[in-house]
Amino acid sequence: MIGLAGLLILLRPGFVHMVGVWLSSPTYHHGALVPFASLAIIADGWRREEVFAPYPPALLAIAVAAALYAGGNMMDVALGQHLAIALGLASLAALFLGRSFAIRHRFALGLLVMMVPVGEELVPTLQTVTAFGIMAGLSALDIPAIREGLLIRTGAGDFLVAEACAGLRFLMATIVTGSILARYVFKDVRRQIGFLFLCLFIPVLANILRATATVAVASWTDMTVAAGLDHMIYGWGFFFVILATLVGLGLVLAEEGAPSPPDPPIVPAAAGVGRVIWISTAALALMFFARIV
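Residues 21 to 313, numbered by the numbering used here, are exactly what the sequence shown covers, in order.
Right under this line is the structure:
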């Protein structure tokens, strides 16, 4: 608790900025839920005989997090600060709760990276991919159209592939959901990775289909349908169906009865008060360095 409080207090500017992004940008609303999901996964895998023993080598990871935060602070790069906070939280768990705990709950701790608001750089690429996909879909439907950059011109009207049409929000939500689902339904690492690739491919394809259908319906109805607020409602309904289908696919392909990877042995280790004090002091000193640089 001391380490967590110290991290949140000393790295408060970066943490407050990250929370602000979660609350202000719909694309990153999921970030506010990730820490709670991580705690829930840890609670789900809890064992009565869990033993906590400080793991001093984790100070190296905290030093890396401190350097990352300091670098982000000096260069005014928020991403560096956000990544440092995620790494710092996971490293603190290993430092105070022990190596065995960190290995056993490695997925939950790694999931904390998902709370970092990242991906805006992909928007232009996603817009371009969507525009090309729309043109291919309209060609297959025999709807005449001309593409001028991100602008699609049809006989019924013009359609701009805006940033909101890039599909980043749905992509991020699918990656987080798919990661958690893969952790629980697949034991084989290759299957987990394969399912995660699906979670990257399907949202992009689904967004192209949604955008193509929007343009096609608007063209067929002379812009009376799917040209205003209704196309947004229809789009979210479509995405919900796709996400539900992806979850259903994961459940159908689930490996029932497959053996779980062996957990590290739980070895009791006594942690003296002096050891806890010097470890806490070292961790706080590193975070203080990150704050003042």
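By construction, the Cβ of each residue, glycine as well, lies at the ideal position given by its N, Cα and C atoms.
These numbers come from a predicted model, not from an experiment.
Checklist entry - Among residues of its own chain, excluding the 5 on either side of I222, which ones have a beta-carbon nearer than 8 Å to its beta-carbon? => result In the sequence shown, counting from the first residue as 1, residue 222 sits at position 202. The residues are T194, I262 and L266.
Checklist entry - Which residues does DSSP pair with R173 in a beta bridge? => result Along the sequence shown, one-based indexing puts residue 173 at 153. R173 pairs with I166 and D178.
Checklist entry - What residues in its chain sit with their C-beta under 6 Å from that of Q101, if we drop five residues either side in the sequence? => result Along the sequence shown, read from residue 1 onward, the residue named residue 101 stands at position 81. Excluding sequence neighbours, Q101 sits near G34, Y89 and G92.
Next on the checklist: To the nearest angstrom, how far is the alpha carbon of L107 from that of G130?
Outcome noted: Here residue 107 refers to the residue found at position 87 of the sequence shown. Here residue 130 refers to the residue found at position 110 of the sequence shown. Pairing L107 with G130, the inter-Cα distance amounts to about 8 Å.
Item to check | Closest by C-alpha distance to V54, when choosing among R32, A110 and A78 | outcome: Here residue 54 refers to the residue found at position 34 when the sequence shown is read from its first residue. By alpha-carbon distance to V54, the top candidate from R32, A110 and A78 is A110.
Item to check | Check whether A238 and L158 have beta carbons under 8 Å apart | outcome: Taking the first residue of the sequence shown as 1, we reach residue 238 at position 218. Taking the first residue of the sequence shown as 1, we reach residue 158 at position 138. A238 places its beta carbon 8 Å or farther from that of L158.
Next on the checklist: For V149 and A184, what's the separation of their Cα atoms in angstroms?
Outcome noted: Along the sequence shown, read from residue 1 onward, the residue named residue 149 stands at position 129. Along the sequence shown, read from residue 1 onward, the residue named residue 184 stands at position 164. Just so you know, the alpha carbons of V149 and A184 end up roughly 14 Å apart.
Item to check | Coarse secondary structure for H37, derived from DSSP in three states | outcome: Locating residue 37 in the sequence shown gives position 17, counting from the first residue. Helix.
Checklist entry - Do V143 and A186 have their C-beta atoms within less than 8 Å of each other? => result One-based indexing of the sequence shown puts residue 143 at position 123. One-based indexing of the sequence shown puts residue 186 at position 166. Yes.
Next on the checklist: I need the straight-line Cα distance from P288 to R126, nearest angstrom please.
Outcome noted: Against the sequence shown, residue 288 aligns to sequence position 268. Against the sequence shown, residue 126 aligns to sequence position 106. At P288, the pLDDT of 49 sits below 50, so the modelled position is not reliable; the number obtained from the coordinates is stated separately. Each residue's Cα considered, the two are about 19 Å apart.
Checklist entry - Under the rule that 16 or more other beta-carbon atoms within 10 Å means buried, what is T145, buried or exposed? => result Here residue 145 corresponds to residue number 125 of the sequence shown, with the count starting at 1. By the neighbour-count definition (other C-beta atoms within 10 Å, threshold 16), T145 is an exposed residue.
Item to check | Assumed close pair H37, A98 - CB separation to whole angstroms, cut-off 8 Å | outcome: Taking the first residue of the sequence shown as position 1, residue 37 is located at position 17. Taking the first residue of the sequence shown as position 1, residue 98 is located at position 78. Rounded, the Cβ-Cβ distance is 6 Å, consistent with contact.
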